[in-house]
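Asks:
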Amino acid sequence: GIHSALQSSTSTIKTNDKNDDEFRTYDAEKTTERVVEHYRLMRSKQTVEFVERMEKKYTFEGGVGRKQMTIEEAFDELESYVDASDPDLDLPNKIHLLQTAEGIRAAGHPEWIQLTGLLHDMGKIMFLWGTGEDGQDGRDPKGHQWALGGDTFVVGCKIPDDAVVFPEFNDLNPDEHDQRYNTRCGMYEERCGLDGLKMAWGHDEYMYRMLVANNALIPKEGLDMVRYHSCYPWHDKGAYKHLLRPEDEETLEWVKLFNQFDLYTKDQDNVVDEKELWPYYKNLLDKYGLGGKLWW
Numbered sequence: 014g015i016h017s018a019l020q021s022s023t024s025t026i027k028t029n030d031k032n033d034d035e036f037r038t039y040d041a042e043k044t045t046e047r048v049v050e051h052y053r054l055m056r057s058k059q060t061v062e063f064v065e066r067m068e069k070k071y072t073f074e075g076g077v078g079r080k081q082m083t084i085e086e087a088f089d090e091l092e093s094y095v096d097a098s099d100p101d102l103d104l105p106n107k108i109h110l111l112q113t114a115e116g117i118r119a120a121g122h123p124e125w126i127q128l129t130g131l132l133h134d135m136g137k138i139m140f141l142w143g144t145g146e147d148g149q150d151g152r153d154p155k156g157h158q159w160a161l162g163g164d165t166f167v168v169g170c171k172i173p174d175d176a177v178v179f180p181e182f183n184d185l186n187p188d189e190h191d192q193r194y195n196t197r198c199g200m201y202e203e204r205c206g207l208d209g210l211k212m213a214w215g216h217d218e219y220m221y222r223m224l225v226a227n228n229a230l231i232p233k234e235g236l237d238m239v240r241y242h243s244c245y246p247w248h249d250k251g252a253y254k255h256l257l258r259p260e261d262e263e264t265l266e267w268v269k270l271f272n273q274f275d276l277y278t279k280d281q282d283n284v285v286d287e288k289e290l291w292p293y294y295k296n297l298l299d300k301y302g303l304g305g306k307l308w309w
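Note that the sequence shown covers residues 14 to 309 in the numbering used here.
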C-alpha cells in the first residue's frame, strides 16, 4: 500500500549530494533568463481557451492520434529534445526517464510504478506537431516550450500567488481579469474533485490521454502520477484544497512518492546503461499493453 511505499525516505533515493534546497531553485535574480522567460510566457498564455484549443488539437477521438510509433521509436524522436524549463538537467530525456525508472526499481516499488517512471515525460513528443507560437518548439535550444513542460497550475480559477513560482507574472494572465475565472472557485464547483480540474496544458495531460487512448494496463494511481506530477502548486504547496475531494488525498500521496524519484534521480553522474536495461523495460511495456505500434 501507499503508506509502506512512502516509508522509503528520500535519503535512499538521491543519486547525488545536492542539498534539497538546491533542486528546483527558481528566483528571478538567480535563475537563468530562459527559465524566467519560460514562466513569464506560460503564465501569460495558459488560459482556459488555450487549454481547450490544445485538447482539440491533441484529441484521440475514436482511439486515433496523429502518428503510430512504438515507444522505442518515440524515444528516438525525443533524442533531439532538450528541456528549456528545467534548471536541474541538461541530459537527454531518455536518460532521465531511465534514471527515474531505475531509482524506483532500486527502491523495490512495483513494476507499474517503474513503468510510470519510464513514461512520465514522454508527452514532450508533442513538439513533433507543435509550434513556437503555441509554446511547443522542441527543436530550437532557445525555443518556447511553455506548453510542453514546467510547473502547471489549474486554469479557470484564481492562480494562487502563494503557491506558484514567479507569482509576479500571474497578473499577465487574461483569465485573471475575467470574472468567470478570477475567483477562488472560478468555473468550478467547490469540492468538484481533482479529475474535474483543467491544468495548464503540457506533457502530463497529453501523455495521460495517450495512455488511456492506447488502453494501457497501468492502474489509475500510475496514470494520475503521469497526469499530475508537474502540478507543484497542488502536490508541493497544498493549493486548491477547496476544490478537492477526500479521495484526492490518496492521489496526492502517490504523486508525492513518485516525485521524490523524478526530482532526486536527475543527475549527470548517475550513469545508466541503456542497452543493458532496455530488454527489462521492453518486457514491462509488453506486459502493460504498450508493446508494438501505439497512437501518439
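We put the beta carbon where it would ideally sit given N, CA and C, even for glycine.
Could you say which of A160, V285, E46 lies nearest to Y71 if we only look at CA atoms?
Replies: Out of A160, V285, E46, A160 has the C-alpha closest to the C-alpha of Y71.
Asks: Starting from Q112, follow the alpha helix (DSSP H) in both directions and report where the run begins and ends.
Replies: First-last of the alpha helix (DSSP H) with Q112: 106-119.
Asks: Kindly indicate which three-state DSSP category W214 falls into: helix, strand or coil?
Replies: Of the three classes helix, strand and coil, the one that applies to W214 here is coil, per DSSP.
Asks: Taking the C-alpha atoms as reference points, what is the distance between E189 and D208?
Replies: Approximately 22 Å between the Cα atoms of the pair.
Asks: Around the C-beta of V167, are 16 or more other C-beta atoms found within 10 angstroms, so that it is buried, or is it exposed?
Replies: With 16 or more other Cβ atoms within 10 Å, it is buried.
Asks: Indicate whether D147 and N106 have their beta-carbon atoms separated by less than 9 Å.
Replies: No; because the gap between Cβ atoms is not below 9 Å, this pair is not in contact.
Asks: Given a cut-off of 9 Å, decide if M220 and W267 are closer than it, judged by their beta-carbon atoms.
Replies: Going by C-beta atoms, W267 is not nearer than 9 Å to M220.
Asks: Is it buried or exposed, D174, if we count other Cβ atoms within 10 angstroms and call 16 or more buried?
Replies: Exposed, since its Cβ has fewer than 16 Cβ neighbours within 10 Å.
Asks: Rounded to the nearest angstrom, how far is the Cβ of L297 from that of L256, given a contact under 8 Å?
Replies: Between L256 and L297 the Cβ distance is about 34 Å, and since that is not below 8 Å, they are no contact.
Asks: On a CA-only basis, which of F182, E263, G305, A213 is nearest F310? Give me that one, please.
Replies: No information on residue 310 is available, as it lies outside the stretch 14 to 309 that the chain covers here.
Asks: DSSP on K300, reduced to helix/strand/coil?
Replies: Here K300 sits in helix by DSSP.
Asks: State the DSSP-derived secondary structure class of K307, mapped to helix, strand or coil.
Replies: According to the sequence displayed, residue 307 carries Leu and not Lys. Strand, per DSSP.
Asks: Taking the alpha helix (DSSP H) that Y245 belongs to, which residues open and close that run?
Replies: Start and end: 245-248.
Asks: Taking 9 Å as the threshold (C-beta atoms), are Y194 and V61 in contact?
Replies: Yes. Within cutoff.
Asks: Under three-state DSSP, which class holds V225?
Replies: V225 falls in the helix class under three-state DSSP.
Asks: How would you label V178, buried or exposed, when you count the other beta carbons within 10 angstroms and need 16 or more for buried?
Replies: It is buried - the Cβ of V178 has at least 16 other Cβ atoms within 10 Å.
Asks: Any idea what DSSP makes of M82, helix, strand or coil?
Replies: M82: strand per DSSP, three-state reduction.
Asks: Any contact between the region 243-261 and the region 139-155? By contact I mean 3 or more CB pairs, one from each, below 8 Å.
Replies: Contact between the region 243-261 and the region 139-155 is absent, because fewer than three Cβ pairs lie under 8 Å.
Asks: In three-state DSSP terms, what is V168?
Replies: Reduced to three states, the DSSP call for V168 is strand.
Asks: For the alpha helix (DSSP H) that contains H255, what are its first and last residues?
Replies: Counting along the chain, H255 falls outside any alpha helix (DSSP H), and DSSP gives it neither H nor E.
Asks: Just to confirm before moving on: does the CB-CB distance between D217 and C244 stay below 9 Å?
Replies: It is a contact, given that the beta carbons lie within the stated cut-off.
Asks: Counting pairs of beta carbons, one from the region 120-133 and one from the region 67-82, are three or more of them closer than 8 Å?
Replies: No, the region 120-133 is not in contact with the region 67-82.
Asks: Using the three-state DSSP reduction, which class does A160 fall into: helix, strand or coil?
Replies: In this structure, A160 counts as coil in the three-state DSSP scheme.
Asks: Starting from the Cα of A176, find the closest Cα among K69, E65, P246 and give me that residue.
Replies: Considering only alpha carbons, the answer is P246.
Asks: For I138 and H242, I'd like the C-alpha separation in whole angstroms.
Replies: Rounded to whole angstroms, I138 to H242 spans 17 Å at the Cα level.
Asks: Looking only at its chain, what residues have a beta carbon closer than 6 Å to the beta carbon of I172, apart from the 5 residues adjacent to it on each side?
Replies: Excluding sequence neighbours, I172 sits near F166, N183.
Asks: With respect to the alpha helix (DSSP H) encompassing S57, which residues constitute its N-terminal and C-terminal limits?
Replies: S57 -> alpha helix (DSSP H) spans 46-58.
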